[in-house]
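Asker: Below is the structure I would like to discuss, written out as structure tokens.
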Amino acid sequence: SAVPPGKKITARIKKTLPVRGPQAPTLSELMRWYCLNTNTHGCRRIVVSRGRLRRFIWILLTLSAVGLILWQCAELIMDYYSASVSVTVQFQKLPFPAVTICNINPYKYSSMKEYLYELDQETKKALETFYGFSEGKSKVRRAAGDWNSSERQFFRQIPLLKFEDSFRIATDLHTSRKRKVDGKVFHKDSSIVNSGDSNDIIGFQLCDANNSSECALYTFSSGVNAIQEWYKLHYMNIMAQIPLETKEELSYSADDLLLTCFFDGLSCDKRHFTRFHHPLHGNCYTFNSGENGTVLSTSTGGSEYGLQVVLYIDEADYNPFLVTSTGAKIIVHDQDEYPFIEDIGTEIETAAATSIGMHFTRSRKLSKPYSDCTETGDDIPVENLYNKSYSLQICLHSCFQKAMVESCGCAQYAQPLPSGAEYCNYKKYPNWMYCYYRLHEKFVKEQLGCQQICKDACSFKEWALTTSIAQWPSIVSEDWMLRVLSWDKGQKINKKLNKTDLANLMVFYKDLNERFISENPTNTLVNLLSNLGGQLGLWMSCSVVCVIEIIEVFFIDSLSIVMRRQWQKAKKWWSGRKREGPGKPPQVTDAERQGHDNPVCIDEDLPTFNTALRLPLPQESPLPRTPPPNYSTLRLETTFTEQLPDTLEAGR
């Protein structure tokens, strides 16, 4: 069959012109073609330079330029993801923050004795057994009942222990009997030094209700800390079973806590305070909560223009085993922020005037890719249980509560309830104490994953506090001041006031300078591209087209050459395997036919005369020769099958 003229011309051009670009048979030829045709002058000088020294110098200069480009571009990219911090200070009228006040004693002990009678009796007996404290029998009695007996049963199941013999033997504080104990030891006091003598170490043992061999020993170097921790453990169990309405009645009312109130030089009262119930601190009261949509502000700094309140603490009605300090706790926070008073609250002393000066600061951080913060917390896979704006503490507490419900089946008393859950108590969840302590241990060691999931908020408000304390009231004014306060609150307080029952609190702005700290991108995308282009042009005289050319040659073309070579090797291997098959005669491939009977010539490209001379000879094969002419083609054959008679006569 005749070959089309177009294919003949294409084949002739391929034989005449040098091989370029991705059609090059080897990577070295591709790199040579790139150096001769690229716009970067350094690569071209490497190829065209004569002399080894000059070529070596150009290679060194080109590699140095490439290294400098990579270094400078890396610096520019890192600088693009960095942020600069700017601080702006402005003088203006400032909104007053919310101020939450709680009595350190959450509930009136006189009202709680009915619920805590059995627990208090166990605590007193433990003090008498180990420390020789004796106290007359209490006049308060509880009627015997099912709840009373079950409560006493759990107290005896988890009694206070005094450890001996390297935590192998312990004395039960309830029965004064010694017994063997086993389990992993956890020291709850960081200051403890275990010298091998455990005779003065007190704690308790918690075991898995489903597997009695799984136990943990929680020890304390101080008897005070051990008794308080053990007391709080049973206290939370009791409080979890009391309805919320009852607990609000057992705690302090606004009339009980607040004696006098002034804000910005004007009188205020309990109507300016909003009550909310805290699980650990009872009834707390927030001034300027913004619940009614109004947020108070101040236009003048100084103690006379802030919040001034006198608090009635009532030290005589404190729970002696639950709290060991007297006073109140306050926290300054934003109206949309939950007051974590147990974590960051400031304690206010009694018989003293506490002045708290504030500096207001607003901070704003950049989110991804500059920092790992969250704008609203919607991207955090943790449900917000506090119904307040997102914060890191809300996320951590909510994450732990969620893990508590999933692992223990019930919620921890000190945190809000998730939907569909209930607080842990002995009756329904006898294993909750052991589960809670083991889960809390994992949380502290960052094994629950909460610290990895929760992120800082990108924007937040902060009030830096400066606290000063003065004796109050003074000796000369104590008598008349206590008489006046007693007269003002005579209908609610049926006894003479004592200065240790009072606390004076002042919260104010020291100045009206609002500090705004914000992060700004160091570079924009336009500046980044401009700087990258400047570095490429400075060191390699390169542009965007040059970068595209580098990507095409070094990635696309090089990959195509490597893949084509691998494909040729695979074809050769498969052809050899077919020839070696039993019962099959050797077949001559098209590549071998193009090689003029030389088995070494297996490339698809036709060799030229010069390249054919450089081909190696095959082993044990005759020398390549030019095939003899086909003489049968020289014979003359008639076109017709029969010759005409006239031609025969002429021939004769």
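Going by UniProt numbering, the first residue of the sequence shown is number 1, and it counts up by one from there.
Glycine included, C-beta positions come from ideal geometry on N, C-alpha and C.
(1) Can you confirm whether the region 295–309 touches the region 104–118 when touching is taken to mean that 3 or more C-beta pairs between the two stretches lie within less than 8 Å?
(2) Residues in its own chain within less than 6 Å of residue 462 by CB, not counting five upstream and five downstream?
(3) Any idea which residues DSSP pairs residue 373 with across the strands?
(4) I'd like the span of the alpha helix (DSSP H) that includes residue 225, first residue to last.
(5) Out of curiosity, what's the CA-to-CA distance linking residue 395 and residue 313?
(6) Do residue 104 and residue 354 have their CB atoms nearer than 8 Å?
(7) Would the beta-carbon of residue 328 fall within 8 Å of that of residue 472?
(8) Give, in chain order, every unbroken run of the beta strand (DSSP E) that is at least 3 residues long and sits entirely within the region 475–537.
(9) Cutting at 7 Å between CB atoms, please list the residues of its own chain near residue 336, excluding the five before and the five after it.
(10) For a test of the three-state rule: what should DSSP assign to residue 246, helix, strand or coil?
(11) Starting from residue 343, trace the alpha helix (DSSP H) both ways and give me its first and last residue.
(12) Enumerate in chain order the residues of its own chain whose CB-to-CB distance from residue 365 is below 6 Å, with the five nearest sequence positions on each side excluded.
(13) Determine the DSSP secondary structure at residue 556, reduced to helix, strand or coil.
(14) Within 10 Å of its beta-carbon, does residue 243 have 16 or more other beta-carbons around it, so buried, or fewer, so exposed?
(15) Am I right that residue 517 and residue 363 are in contact with their C-beta atoms under 8 Å? What's the rounded C-beta distance?
(16) Can you list, in chain order, the residues of its chain whose CB lies under 8 Å from that of residue 639, leaving out five sequence neighbours each side?
(17) Under the DSSP definition of a beta bridge, which residues are partnered with residue 95?
(18) For the region 343–429, list the beta strand (DSSP E) runs that are entirely contained and at least 3 residues long, ordered along the chain.
(19) Residue 422 and residue 654 - do their beta-carbons sit closer together than 8 Å?
(20) What does residue 277 pair with, by DSSP beta-bridge criteria?
(21) Looking only at its chain, what residues have a beta carbon closer than 7 Å to the beta carbon of residue 481, apart from the 5 residues adjacent to it on each side?
(22) What does the alpha-carbon distance come out to for the pair residue 599 and residue 571?
(23) What is the residue span of the beta strand (DSSP E) that residue 730 lies within?
(24) Per DSSP, what are the beta-bridge partners of residue 266 in this structure?
(25) For residue 258 and residue 332, which I take to be in contact (beta-carbon distance under 8 Å), what is that distance rounded to the nearest angstrom?
(26) Three or more beta-carbon pairs under 8 Å between the region 278–293 and the region 247–267, yes or no?
(27) One question on the structure: do residue 321 and residue 120 come within less than 8 Å of each other, judged by their Cβ atoms?
(28) My understanding is that residue 217 touches residue 183, with C-beta atoms under 8 Å, so please give their C-beta distance in whole angstroms.
(29) Over what stretch of residues does the beta strand (DSSP E) that includes residue 254 continue unbroken?
(30) Do three or more CB pairs link the region 423–433 to the region 224–242 at distances below 8 Å?
(31) Considering only DSSP beta bridges, list what residue 33 is partnered with.
(32) What did DSSP end up calling residue 303 once you bin it into helix, strand or coil?
(33) Would you report the Cα separation of residue 67 and residue 522, rounded to the nearest angstrom?
(34) Could you pull the start and end residues of the beta strand (DSSP E) that residue 204 belongs to?
(35) Taking DSSP as the reference, what is the three-state secondary structure of residue 291?
Answerer: The structure says:
(1) no
(2) 361
(3) 456
(4) 223–239
(5) 33 Å
(6) no
(7) no
(8) 502–509 and 513–521
(9) 388 and 389
(10) helix
(11) 341–344
(12) 371, 373, 458 and 519
(13) helix
(14) exposed
(15) 5 Å
(16) Its pLDDT being 44, under 50, residue 639 is placed unreliably by the model, and nothing is read from it.
(17) 297
(18) 346–348 and 352–364
(19) Given a span of 1 to 652 for the chain in the structure shown, any question on residue 654 remains unanswerable.
(20) 283
(21) 473
(22) With a pLDDT of 47 at residue 599, under the threshold of 50, the predicted position of this residue should be treated as unreliable, though the coordinate-derived value follows. Cα to Cα, the separation comes out at about 15 Å.
(23) The requested residue 730 is not part of the displayed model; the chain covers only 1 to 652.
(24) 263
(25) The pair is not a contact, with the Cβ atoms about 17 Å apart (cut-off 8 Å).
(26) yes
(27) yes
(28) 5 Å
(29) Residue 254 -> not in any beta strand (DSSP E); alpha helix (DSSP H) instead, spanning 254–257.
(30) yes
(31) BP columns for residue 33 are empty, so no partner.
(32) helix
(33) 24 Å
(34) 201–207
(35) coil
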